[in-house]
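Participant: Let me give you the structure first, and then I'll get to my questions.
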Amino acid sequence: MIDVVSFLPGKRKQTTSGWISFNAPCCVHRGDSQDKRQRGGLKPTPDGSWSFHCFNCGYTASFVLGRNLTFKARKLLEWLNVPQEEIERMNLESLKHRSIEGLLGERQEIVNKLQDIIFEDRDLPADTQPVNKQAEEYLHSRHIPLDYPFLYKTMPRPGIVIPFTHDNQVVGHTTRFLDDRNPRYVQDIQHGYVFGTDLQGKDWQTVIVVEGVFDALSINGLAVLHAEINDAQVRLIRSLGRQVTVVPDQDEAGIKLIDRAVELGWAVSIPEWPEGVKDVNDAVICLGRLGALLTIMQARETSKIKIELRKKQLVKRLRT
Ligand SMILES: [Zn+2]
175 MIDVVSFLPG KRKQTTSGWI SFNAPCCVHR GDSQDKRQRG GLKPTPDGSW
225 SFHCFNCGYT ASFVLGRNLT FKARKLLEWL NVPQEEIERM NLESLKHRSI
275 EGLLGERQEI VNKLQDIIFE DRDLPADTQP VNKQAEEYLH SRHIPLDYPF
325 LYKTMPRPGI VIPFTHDNQV VGHTTRFLDD RNPRYVQDIQ HGYVFGTDLQ
375 GKDWQTVIVV EGVFDALSIN GLAVLHAEIN DAQVRLIRSL GRQVTVVPDQ
425 DEAGIKLIDR AVELGWAVSI PEWPEGVKDV NDAVICLGRL GALLTIMQAR
475 ETSKIKIELR KKQLVKRLRT
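Taking our numbering, the leading residue of the sequence shown gets 175, the next gets one more, and so forth.
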């Protein structure tokens, strides 16, 4: 059994949601002052996996049973004064639990490496907090399920931090500011990243590709995060081996996305949504999640001619 909790500082407390908080050991190693407000949070799962997030300096690390300890997880253990031999023992112990799933995961990792689908671990912004009432209300108003690990920050402006994960590691983030000033978003995004691969069910045959992060969160889709799909993103989406349907925003930029989808041979859905609804998240707010998904499936077109026809109708709707 891999027991990380026994190596945590004695002074700690456990929250009802399963997070253990203690003085974070990372900050002093990263040019920040020593945490004295128990801003380090570690969430263990019953099988021995865990994830760590520092609300002070933003350091993240996680460990999945059956896999090698990552560089950032090793660093964290060192900073917690776990002896080197103990760290190696944990790693060996973990690899003993390498299940068929773990092996499949490793094969996928090799395939990804060959196709250059690799992202480096990134930290989240410093000084984040758990989501507060205002943030919760905002997410609620956009019909976004609260089970995603959102965070909140106040500086320089109040905003919701949405971690970008790939294979359950943090590889970037976006912040949606809650005042209505511009820019509304700031992003830390790596080339070729597609949001939402971790939202996909294991056995799903299809995947819906949308533009924005809230569109993806509201229907468990993939977000390309702008109105284009670059080649690296295409490789990543193809590597999932699923039937792809692109749902563009119903605006001028979305039209470019339709042309790109046709070029890639992917299906496109341009539903005739009620007045004022211009993207998937609007549709979910207006019709509910199931209603929105039904309109998407009903309007799904695979033939190039039919997609062109739907596009013309959309252009007409946009310009009248
Ligand atoms: Zn820290």
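C-beta atoms are modelled at their ideal positions from N, C-alpha and C, and glycine is treated no differently.
Do the region 450-457 and the region 408-418 meet, that is, are 3 or more Cβ pairs less than 8 Å apart?
Facilitator: Segments in contact, no.
Participant: Pull up the distance between the alpha-carbon of G214 and that of P199, whole angstroms please.
Facilitator: 8 Å
Participant: What do you get for I292, buried or exposed, if any count of 16 or more other CB atoms within 10 angstroms of its CB means buried?
Facilitator: The residue is exposed, with fewer than 16 neighbouring Cβ atoms inside 10 Å.
Participant: Around the Cβ of I334, are there at least 16 other Cβ atoms within 10 angstroms (buried) or fewer (exposed)?
Facilitator: buried
Participant: Could you tell me which residues DSSP puts in a beta bridge with I194?
Facilitator: In DSSP, I194 forms a bridge with Q188, L216.
Participant: What residue does the beta strand (DSSP E) around Y312 start on, and which one ends it?
Facilitator: Careful: Y312 lies outside any beta strand (DSSP E), inside the alpha helix (DSSP H) at 307-315.
Participant: Using three-state DSSP, classify D354 as helix, strand or coil.
Facilitator: coil
Participant: Restricting to Cα atoms, I'd like to know which of R355, P183, G386, Y359 is closest to G370.
Facilitator: The candidate whose alpha carbon is nearest that of G370 is G386.
Participant: Going by DSSP, what residue range makes up the alpha helix (DSSP H) through G333?
Facilitator: Run containing G333: none in the alpha helix (DSSP H); it sits in the beta strand (DSSP E), 333-340.
Participant: Would you call the CB atoms of V179 and P218 closer than 8 Å?
Facilitator: yes
Participant: Just reading off the alpha helix (DSSP H) that K490 is part of, what are its end residues?
Facilitator: 478-493
Participant: What residues come near ligand 1, if near means a beta carbon less than 5 Å from any of its heavy atoms?
Facilitator: A198, C200, C201, C228, N230, C231, Y233
Participant: By the DSSP assignment, the alpha helix (DSSP H) with F388 in it spans what residues?
Facilitator: From DSSP, the alpha helix (DSSP H) with F388 extends over 387-393.
Participant: With a 10 Å radius around its C-beta and 16 neighbouring C-beta atoms as the bar for buried, classify I444 as buried or exposed.
Facilitator: buried
Participant: Determine the direct distance from the alpha carbon of L216 to that of G192, and round the result to whole angstroms.
Facilitator: Cα-Cα distance, rounded: 8 Å.
Participant: From this set, I403, V384, I363, which residue's C-alpha is nearest T348's C-alpha?
Facilitator: I363
Participant: Can you tell which of D389, K246, M471 has the C-alpha that lies nearest to the C-alpha of Q343?
Facilitator: The residue with the shortest Cα to Cα distance from Q343 is K246.
Participant: Can you give me the Cβ contacts of A457 inside the same chain, cut-off strictly under 6 Å, excluding the 5 residues immediately before and after it?
Facilitator: W447, V451, A466
Participant: By the three-class DSSP mapping on this structure, what secondary structure does L325 have?
Facilitator: In the structure shown, L325 falls within a strand segment according to DSSP collapsed to helix, strand and coil.
Participant: Assuming Q212 and S195 are in contact, meaning their beta carbons sit under 8 Å apart, how far apart are those beta carbons, in whole angstroms?
Facilitator: 5 Å
Participant: Have a look at A390 and V384 and give me their C-alpha separation to the nearest angstrom.
Facilitator: 6 Å
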